[in-house]
Amino acid sequence: MGSRQVLKRVIVVLDEPQDPVNIGAVVRTMKNMGLGRLHLARPGGFEPYRIQAVAHTGADIIESARVFERLDDALAGTRLVVGTTARGRRVRRNYLRPREAAAEVVGAVRSGEEVALLFGREDRGLSNDELDLCSRIVVIPTDPRHSSLNLAQAVLVLAYEIFLAAGAAPPFKKPRRASARASRDELKSLVGEVEASLHAIDFFKAHKVTPILRTVREVAARADLDEREAALFKAMAYEVRNYLARQGLDSTS
Ligand code: SAH
């Protein structure tokens with residue numbers, strides 16, 4: 701199953717979301733990260749127009765969003781339910797980080813399971829009973845004094861990790877070299893030109909020639925100069941000497 705299909709199948713379940721602005725922001729985030737399905741359990745209000753205004757995009761998600769009277773029904777048919785909570789509560793549970801959970805989510809979807817990501821209501825999150833419905837519980841690490849994220853931002857963190865785990869982010873292409881790597885002869889001639897211009901400004905009255913040129917060579921090697929770049933630096937060094945000669949200031953001539 702390709703990464704797009706994996707992402708499309710993940711269900712985001714919002715339990716009692718109160719603010720259409722948050723629902724809209726969740727929809728936008730889902731579009732950003734390729735997630736396709738939204739279930740709302742007892743939303744404080746489901747006003748597609750207001751949600752759409754915030755989401756900018758995601759009309760398809762809003763149209764196909766399903767609204768349920770009970771959280772149980774919103775989760776019906778799902779095998780792996782990943783709950784989220786801002787802080788580990790008194791009850792002992794096994795908590796996961798988003799990255800670990802994301803790997804499981806992708807694996808489960810690939811093996812054909814229905815997977816839900818469950819988020820709680822803005823003011824009080826998920827209750828212990830609701831967390832009991834979850835097969836995994838994710839805590840997004842934060843400053844412990846400010847552990848409660850905005851609902852859509854919490855969705856984003858988990859969705860982003862799932863996006864990466866699904867392999868949906870293509871690696872950046874390395875820019876192709878505009879010209880070929882400089883040859884050793886070209887580098888040698890660049891260093892020769894630098895040496896001549898440093899002599900011309902009497903640089904070596906205070907510095908030893910060999911170690912300075914070795915450093916120049918090392919820097920040039922590390923920079924991995926291409927032919928065009930090597931030619932440019934060589935021309936700069938040459939023009940220094942040329943200028944000094946024109947002004948009658950070249951200390952070597
Ligand atoms: N005051 C509530 C926070 C609700 S924020 C509480 O303390 O639980 C709304 C929802 O965003 C939460 O129910 C949870 O699903 C998600 N969320 C917010 N911060 C989170 C965090 N640090 N880790 C995981 N989920 C978080």
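In short: position in the sequence shown from 1, add 700, done, that's our numbering.
In this text, a Cβ means the ideal position worked out from N, Cα and C, and glycines have one as well.
Bear in mind that the values here come from a model prediction, so they are computed numbers and not experimental data.
Which residue's Cα is closest to the Cα of residue i: the options?
| i | options | result |
| --- | --- | --- |
| SER879 | LEU771, ALA906 and LEU925 | LEU925 |
| VAL767 | ALA786, ARG728, VAL712 and ARG793 | VAL712 |
| THR842 | ARG797, GLU895 and SER835 | ARG797 |
| ASP715 | ASP829, LEU707 and ALA900 | ASP829 |
| ALA816 | HIS756, ALA868, VAL754 and LEU735 | LEU735 |
| SER892 | ILE862, ASP902 and LEU913 | Residue 892 is actually Gly in this sequence, not Ser. When only C-alpha atoms are compared, the closest one is LEU913. |
| PRO844 | ARG876, GLY820, ARG787 and LEU856 | ARG787 |
| PRO720 | GLY744, ALA803, SER703 and TYR943 | GLY744 |
| LYS708 | ASP772, ARG799, VAL809 and ASP773 | VAL809 |
| VAL706 | GLY807, HIS846, ARG928 and PRO911 | GLY807 |
| TYR860 | PHE904, GLU769, GLU800 and GLY825 | GLU800 |
| LEU771 | ALA725, PRO875, HIS739 and ASN732 | HIS739 |
| LYS905 | LEU944, ARG881, SER951 and THR915 | SER951 |
| VAL940 | VAL909, THR910 and PHE903 | PHE903 |
| ARG824 | LEU932, GLY948 and GLN718 | GLN718 |
| ILE723 | VAL710, ARG704, MET701 and ILE761 | ILE761 |
| GLU747 | PRO875, MET730, MET733 and ALA765 | ALA765 |
| ARG728 | PRO911, THR910, SER811 and ALA854 | ALA854 |
| LEU932 | THR910, ILE751, LEU890 and SER953 | LEU890 |
| CYS834 | ALA802, SER811, LEU775 and GLY948 | LEU775 |
| MET730 | THR915, ARG922 and VAL857 | VAL857 |
Would you mind reading off the limits of the beta strand (DSSP E) that contains residue i?
| i | result |
| --- | --- |
| THR784 | 780-784 |
| LEU739 | For the sequence presented, residue 739 should be read as His rather than Leu. From DSSP, the beta strand (DSSP E) with HIS739 extends over 737-741. |
| ASP715 | 711-715 |
Is the closest heavy atom of the ligand SAM to the C-beta of residue i under 7 Å?
| i | result |
| --- | --- |
| GLU716 | The ligand SAM is absent from the structure shown, which contains only the ligand SAH. |
Secondary structure at residue i, three-state DSSP: helix, strand or coil?
| i | result |
| --- | --- |
| ARG766 | strand |
| ILE761 | helix |
| ASP885 | helix |
| PHE863 | helix |
| PHE746 | coil |
| ALA816 | strand |
| VAL916 | helix |
| LEU858 | helix |
| ILE840 | coil |
| ARG642 | Residue coverage of the chain in this structure runs from 701 to 953, which leaves residue 642 outside it and unanswerable. |
| LEU796 | strand |
| MET701 | coil |
| ASP924 | coil |
| PRO875 | coil |
| PRO954 | Residue numbering for the chain in the displayed model covers 701 to 953; residue 954 lies beyond these limits and cannot be assessed. |
| GLY777 | coil |
| GLY734 | coil |
| ALA954 | Any answer about residue 954 is impossible in this case: the structure gives the chain only from 701 up to 953. |
| LYS908 | coil |
| LEU707 | helix |
| ARG845 | helix |
| ALA808 | helix |
| ALA852 | helix |
Which residues bound the alpha helix (DSSP H) around residue i?
| i | result |
| --- | --- |
| PHE933 | 927-946 |
| ILE901 | Element bounds for ILE901: n/a, residue is neither H nor E. |
| THR952 | Counting along the chain, THR952 falls outside any alpha helix (DSSP H), and DSSP gives it neither H nor E. |
| ASN828 | 828-832 |
| ASP719 | Where ASP719 is concerned, there is no enclosing alpha helix (DSSP H), given that its DSSP letter is neither H nor E. |
| ALA774 | 771-774 |
Answer yes or no: does any C-beta atom of chain C fall closer than 8 Å to that of residue i?
| i | result |
| --- | --- |
| ARG914 | Of the protein chains in this structure there is only one, and it is not chain C. |
Can you find at least 3 beta carbon pairs, one from the region 883-896 and one from the region 849-857, that sit closer than 8 Å?
no
Looking at C-beta atoms only, is the number of pairs between the region 776-790 and the region 752-763 that lie closer than 8 Å three or more?
no
Across the region 932-950 and the region 891-903, are there enough close Cβ pairs to call them in contact, namely three or more that are closer than 8 Å?
yes
Give a yes or no on contact between the region 818-838 and the region 867-874, applying the rule of three or more CB pairs nearer than 8 Å.
no
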